[in-house]
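Colleague: Numbering (the working numbering), first residue to last: 952 to 1265. Where a beta carbon is used, it is the ideal one built from N, C-alpha and C, also for glycine. Have a look at this one.
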């Protein structure tokens, strides 16, 4: 159970700069400026943004992330935003939307996407991932996304994500389009149905880091003890802030790939060993290393917790 937040779908948007992540978020929200967009040669979204609204009768939280793979943020700034994303989507996202722009799929584009999927996405994270193609109006007249996916590299990517893909055309903003394929309201409905199906396939669970959830609950207990009359909203916000500060202090100096791998459970992730009282006792890079450390300390019940190399589900 996820408590008061249990009915909210948490969705994380991932992708390159100018892939249309913020436009997609605005289209989902039915508004034009909830998630700010600025045209520049640099990464448009420079900080993690989280907003919650009701879409088709369901509470939905969207977390828009920086262009992790081609941003002009320095390492320290980008690490901070990645950690903020991890905390914002606690206890875990129900879906990742990997956002790509409908355009010629160049070798450079393919290399960036390969890095995202092969280095940072764990196989389990892909079970929660849908590939979303934006700027659908750039498809040739009469072409559907199924035709676009005849590109072998794109098809392989979608296959890794369980065949889940959607196309969104932000051009037709709330217009009454006769063609349901071009109507963005119909596209949004189909995308949300895909996310719901993903949740069902994963038995109603979300992609959850058990250690972070444990730390969050500890922070909430501490706060409630000192402020018993605190509202649930304030409690959650203060707990998020506490966990974020904990992560920043313990993961400071790690390379971007390791932290992003931690978020997505990929081979670039890290393992942190926490002793009693939350004291960091060791740190190891790579999911394989984390798994080995976990096996070695498995008998020390309550003494050590492995974070980030392995993820769990509620």
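What first and last residue would you give for the alpha helix (DSSP H) that runs through residue 1104?
Modeller: Taken as a continuous stretch (DSSP letters only), the alpha helix (DSSP H) holding residue 1104 covers 1103 to 1111.
Colleague: Since residue 1174 and residue 1189 are thought to touch, with beta carbons under 8 angstroms apart, how far apart are those beta carbons, to the nearest angstrom?
Modeller: The Cβ separation is near 5 angstroms, so the contact holds.
Colleague: Please list, in chain order, all residues of the same chain as residue 1087 whose beta carbon is under 7 angstroms from its beta carbon, the five residues on each side excluded.
Modeller: 1053, 1118, 1119, 1120
Colleague: Quick one: Cα of residue 971 to Cα of residue 965, how far?
Modeller: In this structure, the straight-line span from the alpha carbon of residue 971 to that of residue 965 is close to 10 angstroms.
Colleague: Tell me, please, whether the region 1157 to 1166 touches the region 1037 to 1047 by the rule of three or more beta-carbon pairs shorter than 8 angstroms.
Modeller: yes
Colleague: Residue 1108 and residue 1083 look like a contact to me (Cβ under 8 angstroms); what is the Cβ gap, rounded to whole Å?
Modeller: Not a contact, Cβ separation roughly 12 angstroms.
Colleague: Quick check on residue 1190: does DSSP put it in helix, strand or coil?
Modeller: helix
Colleague: Mark residue 1170 as exposed unless 16 or more other C-beta atoms lie within 10 angstroms of its C-beta, in which case mark it buried.
Modeller: buried
Colleague: Just confirm the distance between the C-beta atoms of residue 1159 and residue 1017, as a whole number of angstroms; I'd bet it's less than 8 angstroms.
Modeller: Incorrect: roughly 23 angstroms between the Cβ atoms, too far for contact.
Colleague: Excluding the five sequence neighbours on either side, which residues of its own chain have a C-beta within less than 6 angstroms of the C-beta of residue 1102, listed in chain order?
Modeller: 1056
Colleague: Rounded to whole angstroms, what's the CA-CA distance from residue 992 to residue 1024? Just pull it up for me.
Modeller: Confidence is the limiting factor: at residue 992 the pLDDT is only 43, short of 50, which leaves the residue's position unreliable, though a coordinate-based value still follows. Between the alpha carbons of residue 992 and residue 1024 lies a distance of about 13 angstroms.
Colleague: Pick helix, strand or coil for residue 972, following the three-state DSSP scheme.
Modeller: helix
Colleague: Enumerate in chain order the residues of its own chain whose CB-to-CB distance from residue 1146 is below 6 angstroms, with the five nearest sequence positions on each side excluded.
Modeller: 1046
Colleague: Consult DSSP for residue 1094 and reduce its assignment to one of helix, strand or coil.
Modeller: coil
Colleague: For residue 1196, count neighbouring C-beta atoms within 10 Å of its own C-beta (all shown protein chains included) and say buried if the count is 16 or more, exposed if not.
Modeller: Exposed is the call here.
Colleague: Under 6 angstroms Cβ to Cβ from residue 1006, same chain only, skipping five residues before and after it: list those, please.
Modeller: none
Colleague: So for residue 1062, helix, strand or coil by DSSP?
Modeller: helix
Colleague: By how many angstroms is the C-alpha of residue 967 removed from the C-alpha of residue 1095?
Modeller: 23 angstroms
Colleague: Buried or exposed: which applies to residue 1098, given that a residue is buried once 16 or more other Cβ atoms fall within 10 Å of its Cβ?
Modeller: Here residue 1098 is exposed, its C-beta having fewer than 16 other C-beta atoms within 10 Å.
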